[in-house]
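Notes follow the structure.
In the numbering used here, the protein residues as written are 1420 to 2110.
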């Protein structure tokens, strides 16, 4: 429960700009304090909770950063929370739903982007949930206790992977991420540790002699450039430096595990407090307000932006007459990638039920989580990592992967993410093409043996066809070190329409648009083979490379949150069947929600890209997709041998192209996958596109 909710800073957002209907917004920044009861059945699932220090009430304490953007006049808002689970401490929902710059201290009108969430009237909430995030830089951090064995340090063998793509790097934190804390080595004794290196994920591990590495940090002096090497239990130093793109696997004995699973309880307690309580235990009022006069509720006849719905205030305590009015009627959670997996795990572990047995979130919307869960509720957890084809492939993203309760194809266990009908939320699961290649996205809707699953009634699944994980907005194709241009397909256009549909489903019972994703049954979900129809484009090496899901042996206590085998051992002949979207003759995904840019394409958009020469060439390049433009003319196509029709052969003129874009956009509006305002913008942009 929340014991203290301390607002440390309160200021007008965007200099008091008046958003349509909702009016001005304000920003609240502060610290929340809380505690959990280890004896409560809802909390017992938290790994190491029994080994955490307790206060005088026999509770385990925590504190976390929070940030809230809310209508200055709550009566003018829609009385609904969107909780954005921070991604590695960072704020994401405003960037993705408002097409805004990705900034950690949203303050200006520019930070509001197109103002979508504000025009809808939402209260946007962030808080720390990841207990190893470094504080500062406006990140959302969480402070959790260190677990001990009756006051003595807990020591376990752990494994970490370090991949550096820059030249000249000689030391890295053991977490391989400057944003998060590292588990410190229990001692400097190198005989209890081992280091190997391999160029590619499936390559042979080559031992690195102990004489070539140290528990140490290396820094260069800013002026003279001289290196300074100092012993450190939280860093790995290589005398010859890290080979760019190579995978360094370090196994060592670490101490002092953080109680990271407590992050689930923190989010549960925070949103429950904001939604249901009038004040904290210290008597401080809930900053979202609990006494808004009924006379200030906006009339249902007031003009409002597209998709906005209002709910009249219910009374606190249900049907009682009189008494205070509760301004928050609904709470939704949105999380992208890592934080989307966090939301799947939060629901799976039962944290959508608060300690008073009330539902916390009416709906959750994990975006680009794929079929995975999170490396969080474990001893010596590392939630910052993400299993991908080239990096951290062996980190646990265990069954269950699907929302249905099914029998695991490998372990024989029966389980599912949704198994508590009274408190399970509605689910809008959205993903892109990348999740099928890198994040085993098929396992969210197949059984691991290659068969379709029927989605539960409270789940909708939408695939943004041919888009990439790191979906930008309104950008031209860019180039980095990857082999191909970065896929420019946006996600925000569709996500906005889907959030409107989710709200209408949760608050009014209006059936949402039908799920839209590739399936085995209709032949649009296929094995990732080189002969599955991808065109033979000159200069493109299509290897059908993907992130496998082996069935791994982590030791007998893995289901209790302890990993004892490093590296985990693949069980011979046991693996989950990974499937990917089938493509059309242009190489674009044939199923899912196909944006106008796919229905009237100017190039091939994929969910994968490849690493360049010298950086594990040919491995998948992170979570990036590719854009491969069509030849402009028939002559150019014939000269290059490109099998794809040229732009000249596809469209009679720019007007013809704009007509087809408009036709596709308006069809998506009719299907409720796109808002009318976004359709008009897309058509306007088509008129300016490079053609």
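Cβ atoms here follow ideal geometry from the backbone N, Cα and C, with glycine treated the same way. Computed from a prediction, not measured in an experiment: that's the story for all the values here.
Using DSSP with H/G/I as helix, E/B as strand and the rest coil, what is residue 1977?
Residue 1977 sits in a helix when the DSSP states are folded into three classes.
Below 8 Å on the Cβ atoms is my contact criterion, and I expect residue 2000 with residue 1852 to pass it. Report the Cβ-Cβ distance as a whole number of Å.
The beta carbons of residue 2000 and residue 1852 sit about 6 Å from each other, so the pair counts as a contact at 8 Å.
Determine contact between the segment 2045-2063 and the segment 1951-1958, defined as no fewer than three beta-carbon pairs at a distance below 8 Å.
yes
Taking the alpha-carbon positions, what's the residue 1440 to residue 1487 distance?
19 Å
Sort 1888, 1866, 1909 and 1824 by Cα distance to residue 1875 and report the nearest one.
1824
How many Å lie between residue 1722 and residue 1618 at the Cα?
At residue 1722 the pLDDT is 49, less than 50, meaning the model places this residue with poor confidence; the figure from the coordinates comes in the next sentence. When rounded, the distance between both Cα atoms is 60 Å.
By DSSP, does residue 2041 sit in helix, in strand, or in coil?
coil
At which residues does the alpha helix (DSSP H) containing residue 1916 begin and terminate?
1911-1927
Residue 2053 by DSSP, collapsed to three states: which one?
helix
Let's test the definition: count the other Cβ atoms within 10 Å of the Cβ of residue 1559 and tell me whether it reaches 16, buried, or not, exposed.
buried
Relative to the alpha-carbon of residue 2038, which residue among 1541, 1503, 1429 and 1810 has its alpha-carbon at the smallest distance?
Selection 1541, 1503, 1429 and 1810 evaluated against residue 2038 yields 1810 as nearest (Cα-Cα).
Might you give, ordered along the chain, the residues of its own chain that have their beta carbon closer than 6 Å to the beta carbon of residue 2066, omitting 5 neighbours on each side?
Cβ neighbours of residue 2066 beyond the five flanking positions: 2049 and 2051.
On the DSSP bridge assignment, give the partners of residue 1956 in chain order.
BP columns for residue 1956 are empty, so no partner.
Can you tell me whether residue 2146 is helix, strand or coil according to DSSP?
The displayed coordinates of the chain run from 1420 to 2110. Any statement about residue 2146 would go beyond what the structure contains.
Using a 10 Å radius around the Cβ and a threshold of 16 neighbouring Cβ atoms, would you call residue 1571 buried or exposed?
exposed
Relative to the C-alpha of residue 1542, which residue among 1753, 1630, 2017 and 1850 is closest?
1753
Less than 8 Å between the CB atoms is what I'm expecting for residue 1880 and residue 1821, so what's the real figure, rounded?
Residue 1880 to residue 1821, Cβ: 10 Å. No contact.
Taking just the CA atoms, how far does residue 1910 sit from residue 2035?
29 Å
So, with DSSP's three-state summary, where would you put residue 1853?
helix
Hey, could you find the ends of the beta strand (DSSP E) residue 1783 is sitting in?
Note, residue 1783: beta strand (DSSP E), 1782-1786.
Return yes when the Cβ of residue 2063 is within less than 7 Å of the Cβ of residue 2005, no when it is not.
yes
Give a single yes or no on whether residue 1934 has its beta carbon closer than 6 Å to a heavy atom of the ligand NAD.
By its list of ligands, the structure shown contains no ligand whatsoever, and the ligand NAD lies outside what it can speak to.
Give the secondary structure of residue 1614 by DSSP, where H, G and I count as helix, E and B as strand, and everything else as coil.
Note: residue 1614 maps to strand in three-state DSSP.
Determine, using beta carbons only, whether residue 1421 and residue 1688 come nearer to each other than 7 Å.
yes
What does DSSP give as the partner residue(s) for residue 1590 in the beta ladder?
1656
Spell out a yes or no on whether the segment 1775-1787 and the segment 1697-1708 are touching, meaning 3 or more CB-CB pairs, one atom from each, closer than 8 Å.
no
Between the Cα of residue 1498 and those of 1826, 1990 and 1695, spot the shortest distance and give me the residue it belongs to.
1695
Count the other CB atoms within 10 Å of the CB of residue 1524; is the residue buried (16 or more) or exposed (fewer)?
exposed
Quick one: what does DSSP say residue 1690 is sitting in, helix, strand or coil?
helix
Buried or exposed: where does residue 1864 fall if 16 or more other Cβ atoms within 10 Å of its Cβ makes it buried?
buried
Looking only at its chain, what residues have a beta carbon closer than 7 Å to the beta carbon of residue 2025, apart from the 5 residues adjacent to it on each side?
1852, 1885, 1906, 2006, 2044 and 2045
Rounded to the nearest angstrom, how far is the Cβ of residue 1812 from that of residue 1966, given a contact under 8 Å?
6 Å
With contact counted as at least three CB pairs below 8 Å, one residue from each stretch, are the segment 1866-1874 and the segment 1915-1924 in contact?
no
If you draw a straight line from the C-alpha of residue 1699 to the C-alpha of residue 1453, how long is it?
10 Å
Return helix, strand or coil for residue 1703, following the three-state DSSP convention.
coil
Using only the alpha-carbon positions, how far apart do residue 2109 and residue 2076 sit?
If you take the alpha carbons of residue 2109 and residue 2076, they lie about 11 Å apart.
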